[in-house]
Amino acid sequence: MVDNKNYIIAIVLSLAILLGWQFFVAAPQIERQRQEAELAQKLSSESNIPAPAPGTAESSTPQSGQSQSVAGGSPSQSTMSREQALQQDTRITIDTPRLSGSISLTGARIDDIRLRDYHETVDPESPTIVLFSPEGTENSYYGQYGWSNKDGQSAKVPDPTTVWTQNGSGPLTPDQPLELSWNNGEGLVFYKRISIDENYMLQISQSVENKGSDAVALSPYALLVRKGEPETAGFFILHEGLIGVIGEEGLQEIDYSDLAEAEQGTIPLGKSEQGWFGITDKYWAATLIPANGVSFTPRYFFVNSPSSDANDLYQADYIVDPILVEPGKTSSYESHLFAGAKINSLIEGYSETLSIKQFDLLIDWGWFHFITKPMFYMIDWFYNLVGNFGVAILLSTVVIKIIFFPLANKSYVSMSRMKLVQPQMTELREQYKDDRAAQQKALMELYKKEKINPLAGCLPMLIQIPVFFSLYKVLFVTIEMRHAPFFGWIKDLSAPDPTSMFNLFGLIPWEPPLFLLIGVWPLIMGVTMFVQMKMNPTPTEPAQQMIFNWMPVIFTFMLATFPAGLVIYWAWNNALSILQQYVIMRRQGVKIELWDNIKSMIKPKPKGEAN
182 MVDNKNYIIA IVLSLAILLG WQFFVAAPQI ERQRQEAELA QKLSSESNIP APAPGTAESS
242 TPQSGQSQSV AGGSPSQSTM SREQALQQDT RITIDTPRLS GSISLTGARI DDIRLRDYHE
302 TVDPESPTIV LFSPEGTENS YYGQYGWSNK DGQSAKVPDP TTVWTQNGSG PLTPDQPLEL
362 SWNNGEGLVF YKRISIDENY MLQISQSVEN KGSDAVALSP YALLVRKGEP ETAGFFILHE
422 GLIGVIGEEG LQEIDYSDLA EAEQGTIPLG KSEQGWFGIT DKYWAATLIP ANGVSFTPRY
482 FFVNSPSSDA NDLYQADYIV DPILVEPGKT SSYESHLFAG AKINSLIEGY SETLSIKQFD
542 LLIDWGWFHF ITKPMFYMID WFYNLVGNFG VAILLSTVVI KIIFFPLANK SYVSMSRMKL
602 VQPQMTELRE QYKDDRAAQQ KALMELYKKE KINPLAGCLP MLIQIPVFFS LYKVLFVTIE
662 MRHAPFFGWI KDLSAPDPTS MFNLFGLIPW EPPLFLLIGV WPLIMGVTMF VQMKMNPTPT
722 EPAQQMIFNW MPVIFTFMLA TFPAGLVIYW AWNNALSILQ QYVIMRRQGV KIELWDNIKS
782 MIKPKPKGEA N
């Protein structure tokens, strides 16, 4: 029958979607999270290929106005530990409320940044997150700023091996910028002023004082160098890799693999006077932000390591049009570098105060951002009110139920009416049991007369699927949800419930395999789903009965590896739906046959009773 087919199609589609998420996203995410700490410490060889700056001979699209080859990093003889690399040269400490680290005076590289507020695990004693690491270490990652000559000129400019002099003393703090200088001995004095706010934005001011007798034309450049592709890359619902908004082109997202496969390893981004671009991870990012109103030429660059044991190099860089420095004059160029956590309020604040176009797109809200962002704002608002993201999700669920109340109410009323006319439906099926077409026609006339929607039972579940996906996206991509605790054993709402019924929730010292991680909250969700479905009229078709009986079990196993926050939402939503459905059925004068339906599952049917 058509109504049976519609039921089955709707259910199968829902299951297919959730199974797809389970197979392609949830299970790989769990495995990656388990290995994250181990992989982060695993040593591998490092490439010693210098990273070419914009316009070098190694570039497939040389920039105009530059002839000198400038390496993005000094060659490293072998991979060393981070601690060893930090002892190789003189450094100036970075000390802010949210960042720690140092800047190397060799090359004035910004290559040592840790995020004070974030740890590798939920244990507050675990190491803080490392964002930037020096050249010569495993997966080195850093930013560098410099100057390049215009074609036909050969002024001596600082390079990655140049040792700068600090003018003054003390660390780089929000109240004290770092002043650096270097004299080329040929009439040019280069200055670099690095300042930082209390969060993650650095301002880099580069100046050249011409004490000679001839004018020179120099181009400021900046680059981000990353060696090695992060182990966490690869989730199709989340972009990790190269990202940026240049000019009027809109958001550009380029995977590491796309850059590696680009012609001659270069992806030019087109000349512009505004924009930002860089490298993004799931929760962290580093982006170059050139000065607005000054023409620059950006690109992405890739160098494949000739050694299988070494890491490939990924680079984002730009070069500014030549700036003329007259004798006795000083010319300057100011730009910014974002290096830190992708906190929504900070990103939006920078976008406004620094006039960074569409900087909020640094956070991957996805195609359905019109649902995802409001969902995040609502949860974040409740969090600021109650101080717990889990409670904020529960309160947000209530708001969602209120928004969808008219639709859900109509659905439950229709279901109640269907239950009232079920005796008539049974009579029609018996009357036309040998004529399926006539039976279907009679049933549709009955539905129309009684104002019944035969798909009413599936509608409450279907309407929450977009909300389900948007909440999943919020839990998956927003750093605010990372390591956010609920109560009891739930220490991280963005991770699955860590308990399992198969080891008696931790009483047995055995770690079950992934598919047996059925925790407390997935069980609660399964029970609430079971109760909700058993409040509905029992399907008369055996196929429907089997699907409805097994669906809570299937969903319990599927959602067990989803973020705990999502499972808590689903369980709470089911509980509210049960309450709502109970009230409506009582008002409609419909008998609630919850216990009868449950008993019918285990009570054997009398012989000869029709299915």
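The numbers in this note's numbering rise by one with no breaks, and the one at position 443 of the sequence shown is 624.
Glycine is no exception: its CB is placed at the ideal position from the N, C-alpha and C atoms.
Keep in mind that this is a model prediction, so the values were computed, not measured.
Counting every other CB atom within 10 Å of its CB across the protein chains shown gives residue 461 a total of 16 or more, marking it as buried. With fewer than three CB-CB distances shorter than 8 Å, the region 750-766 does not count as touching the region 680-694.
Short of 6 Å from the beta carbon of residue 348, and not among the five residues preceding or following it, lie these beta carbons of its own chain, in chain order: 360, 362. Within the same chain, and ignoring the five residues on either side of residue 446 in sequence, the residues whose Cβ sits closer than 8 Å to its Cβ are 241, 440, 482, 483, 484, 485. Burial of residue 336 is indicated by the presence of at least 16 other C-beta atoms within 10 angstroms of its C-beta. In its chain, beyond the 5 residues on either side, 454, 501, 502, 514 have a beta carbon closer than 8 Å to the beta carbon of residue 475. When the five nearest sequence neighbours on each side are left out, the beta carbons in the same chain lying within less than 7 Å of the beta carbon of residue 419 are those of 463, 545, 657, 658, in order along the chain. It is roughly 25 Å from the alpha-carbon of residue 683 to the alpha-carbon of residue 727. With a contact defined as Cβ atoms closer than 8 Å, residue 523 and residue 466 qualify at about 5 Å. Counting the other Cβ atoms within 10 Å of the Cβ of residue 630 gives fewer than 16, which makes it exposed.
Rounded to whole angstroms, residue 774 and residue 704 show a C-alpha spacing of 23 Å.
Annotated as proximal: residue 437 and residue 495, with beta-carbon spacing under 8 Å. Inter-residue distance for residue 314 and residue 471 is about 23 Å (C-alpha atoms, whole angstroms). A residue is called buried when at least 16 other Cβ atoms come within 10 angstroms of its Cβ; residue 331 meets this threshold and is buried. As DSSP reads the structure, residue 297 sits in no beta bridge. By the criterion of a C-beta distance shorter than 7 Å, residue 351 is surrounded in its chain by 357, once the five residues flanking it on both sides are discounted.
Annotation for residue 376: 358, 384 place their beta carbon closer than 6 Å to its own, counting only its chain and skipping 5 residues before and after. In chain order, 647, 650, 651, 654 place their CB closer than 8 Å to the CB of residue 549, counting only its own chain and leaving out the 5 sequence neighbours on each side. Note on geometry: alpha-carbon atoms of residue 674 and residue 667 lie some 7 Å from one another.
A check of alpha carbon separations from residue 269 across 287, 422, 278 identifies 287 as the nearest. DSSP places residue 382 in the strand class (E or B) of the three-state scheme. Assigned with DSSP and collapsed to three states, residue 313 falls in strand. Nearest to residue 341 by alpha-carbon distance, out of 285, 388, 264, is 285.
In the three-state scheme derived from DSSP, where H, G and I count as helix and E and B as strand, residue 374 is classed as strand. Residue nearest to residue 372 within the set 380, 388, 365 is 388 (criterion: CA-CA distance). Taking each of 406, 307, 271, 306 in turn and checking the Cα distance to residue 343, the smallest one comes out for 271. Residue pairing for residue 435: DSSP places it in a beta bridge opposite 423. Between the region 704-714 and the region 731-750 there are three or more inter-stretch CB-CB distances shorter than 8 Å, so the stretches are counted as touching.
Annotated three-state conformation of residue 279 is coil, per DSSP. With respect to the C-alpha of residue 745, the residue from 698, 713, 756, 712 having the closest C-alpha is 698.
Listed as beta-bridge partners of residue 521 by DSSP are 466. With contacts defined by Cβ atoms closer than 8 Å, residue 712 and residue 680 do not form a contacting pair. The Cβ atoms of residue 327 and residue 266 do not sit closer than 8 Å to each other. In this structure, residue 354 sits away from residue 302, with a CB-CB distance that is not shorter than 8 Å. Taking residue 537 as the centre and dropping the five residues before and after it, the same chain places the C-beta of 457, 470, 531 closer than 7 Å to its C-beta, in chain order.
Given a length threshold of 4 residues, each whole run of the alpha helix (DSSP H) inside the region 547-622 is given here in chain order: 550-567, 570-584, 586-601, 603-612.
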